[in-house]
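Engineer: Mind the numbering: the sequence shown is residues 862 to 1392 in this note's numbering, read in order. My questions will all concern the structure given below.
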Amino acid sequence: MAAAQGRDSTIAGATVPSAVRDTLKAAGGALGMEFRGNADNIITAEFWGSGTMYSFGQAFLPGGEWPASKVAEYHVSLDYSAPMSMRVDYVRSNPEGQIRGGGGLPLPAPQRVIQVVSIDGNTRTKFAWNETEPGGGAITPALAAARDRQFQFWTMTPHAVIKAAVDSGDLTKVSKTASGTVITFPLADASCRDANVFKNTPDCQNARLLLTVTLDAKNLVQKVETRSNNPVLGDMVIETIYSDYKDLSEAKSGKVFPAHIVQKQGGFPVLDLNITKVDLDYPSIYIKVPDSVRAAAGQQLGFEPVKLTVKVDANKVADGVWYLTGDTHHSVAVEFKDYVALVECPQDEPRAMAVIAAVKQNIPNKPIRYVVNSHHHFDHLGGLRACAAEGATILTQAANKPYYEKIWTQPHTIMPDRLVKEKKKGIIEGVADKRVLTDGSRTVELYKLTGTNHVDTMLIGYLPKEKVLIEADVYTPGPANAPAPARPSPEAVNLYDQIQRLKLDVQQITPLHGRLVSIDDLRKAIGRSSD
């Protein structure tokens, strides 16, 4: 490993206690790592495998396990030198048996996914992007994923874990417990460290993560655990478990690697891999940050990185009805005589606050009395706590209410949100099959959507006077004038059937993903004629 960036302390440094140095050397030695100072002989690494991936926060039932998909041809390339980088390349396909839950399931065909992250060795600026071919093809910046991918870089292999412990220098501690030797250290970005105090900003959340590493009797890394901020779960436990160590290299170099890796978030697995081949003997890996990604991050010509902005565009659908769109997730604001009803506070607090600001700008001097939550998937409920702090009553399908009340009691100490800072308690009301909001002149009808395999707690909204339907996930329109899909989505078919069953006279649809469309667009997408 290259010298720790921006740090005086190394594994051989005088400020690092001998017990820590000896433990790290023993743990590295068990993996085949040879140290000279704080550098070691594992510069690059590759491994291959297959297994199961789970879509975090996308359970069919509130509080249920994350839905599974199969992963094959799983190939990870890691470069531990500066700039540190990782490419994860795999093929994702549908699981066996019944498919229920989100995460884009069911997939129309096997899907190749290539995700990349690069971490500048001096500034620790993080770049993330997606590719259609390794090192090329179509490049899509994924700046919002950079922090999570950086964390994945440091916990994907036990070798990286030991490197990170070495990099933390005098902040790394060692203790003995009944379960074995325990190493603790912060994932300490130099740019986020100021006199041992870590800046409490989203960009520095990883620096505030305290990793707890457990070694077994052979000094092999058994488990890594930490807590990370999640807008839904608060201080969320993240675990990586390594087992069944073997020499999986073709050359039988004597360096061992776990044949089984399991990662968990929020109490359930998100990845379960069986490793079949490993190369730790200097495989050739070259990952260069594309110019388009640097430009998107504001790094072209050495500019300071730009901050991610939250985009909200207000589009008037009807008198008093606003379609508040973003890059991926949308909301709908409905004006009543004395208040506003807002459908969806998605993603996270920054998104929610931007949506609230857009409501106040377009419908001034009226409080947001109700916020309708479409369903319990995390990307759709991540901003609810901020909207509850605004004073709005949360309306969600009745089966969600006990789950929301439970998770809202969980601590949010890593990144305290608005609900914590303002010491408020959210008000949540359940909607069974139907609820009507009205002031005599305006009406919004809420219905539980039945027959869907996406989620068991879906609410749709309908404005009878305006003939507008509000729905999430079950129908996401493609680009205008695009041909109808070869196979109609079962979820879109079910939505149309439920519209007919409920006798809703829909003319416009405001999807919470996608674009404003007409009922004819839905008919075209599912191959139906006008009824």
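Beta carbons: idealized from backbone N, C-alpha and C, even for Gly.
1. Is residue 943 helix, strand or coil by DSSP?
2. From residue 956 to residue 970, what does the alpha carbon distance come to, in whole angstroms?
3. According to DSSP, is residue 1271 part of a helix, a strand, or is it coil?
4. Express the C-alpha separation of residue 1307 and residue 1341 in angstroms, rounding to a whole number.
5. Does the pairing of the segment 1341-1350 with the segment 1313-1330 give three or more beta-carbon distances under 8 Å?
6. Can you say whether residue 1029 is buried or exposed, counting buried as having 16 or more other CB atoms within 10 angstroms of its CB?
7. Under 7 Å between C-beta atoms, does residue 964 make it to chain B?
8. For the alpha helix (DSSP H) holding residue 1357, just list the boundary residues, first then last.
9. Are residue 1096 and residue 1274 touching if we call contact CB-CB under 7 Å?
10. Do the segment 1112-1127 and the segment 1291-1311 touch if we need at least three Cβ pairs shorter than 8 Å?
11. What's the C-alpha gap between residue 1319 and residue 1079?
12. Going by C-alpha distance, which of 881, 893, 885 and 883 is nearest residue 1141?
13. Decide if residue 1434 is buried, meaning its Cβ has at least 16 other Cβ atoms within 10 Å, or exposed.
14. Quick check on residue 1323: does DSSP put it in helix, strand or coil?
15. Pull up the distance between the alpha-carbon of residue 1190 and that of residue 1376, whole angstroms please.
16. Identify which residue in 953, 1073 and 1077 has its Cα closest to the Cα of residue 1088.
17. Using a Cβ-Cβ cutoff of less than 7 Å, which residues in the same chain neighbour residue 824 once the five nearest sequence positions on both sides are dropped?
18. Identify, in the order they occur along the chain, each residue of the same chain with its Cβ nearer than 6 Å to the Cβ of residue 881, setting aside the five sequence neighbours on each side.
19. For residue 1225, which of helix, strand or coil comes out of DSSP?
20. For residue 1041 and residue 884, I'd like the C-alpha separation in whole angstroms.
21. Would you mind sorting residue 1361 into buried or exposed? The rule is 16 or more other CB atoms within 10 Å of its CB.
22. Please determine, among 1112, 1287, 1171 and 1104, the residue with the shortest C-alpha to C-alpha distance to residue 1005.
23. Do you know whose CA, among 1355, 1363 and 1092, lies nearest residue 1383's CA?
24. Which term fits residue 1222, buried or exposed, when burial requires 16 or more other beta carbons within 10 angstroms of its beta carbon?
25. When we look at the beta-carbon of residue 1011 and count the other beta-carbons within 10 Å, is it buried (16 or more) or exposed?
26. By the DSSP assignment, the alpha helix (DSSP H) with residue 1197 in it spans what residues?
27. Buried or exposed for residue 1105, please, with buried defined as at least 16 other CB atoms from any protein chain shown within 10 angstroms of its CB.
Structural biologist: Checking against the coordinates, here is how it stands:
1. coil
2. So the two alpha carbons sit approximately 12 Å from each other.
3. In the three-state DSSP reduction, residue 1271 falls in the coil class, being neither helix nor strand.
4. 28 Å
5. no
6. buried
7. The chain inventory of the structure shown lacks chain B, comprising one protein chain alone.
8. 1351-1362
9. Yes; because the gap between Cβ atoms is below 7 Å, this pair is in contact.
10. no
11. 50 Å
12. 893
13. Absent from the model: residue 1434. The displayed extent of the chain is 862 to 1392, so no value can be given.
14. strand
15. 10 Å
16. Per the Cα distances, 1073.
17. Nothing can be reported for residue 824: it is not among the residues displayed for the chain, which extend from 862 to 1392.
18. Result list for residue 881: 1033 and 1035, in chain order.
19. coil
20. Those two C-alpha atoms are separated by around 12 Å.
21. exposed
22. 1171
23. 1355
24. exposed
25. buried
26. Taken as a continuous stretch (DSSP letters only), residue 1197 belongs to no alpha helix (DSSP H), as it is neither H nor E.
27. exposed
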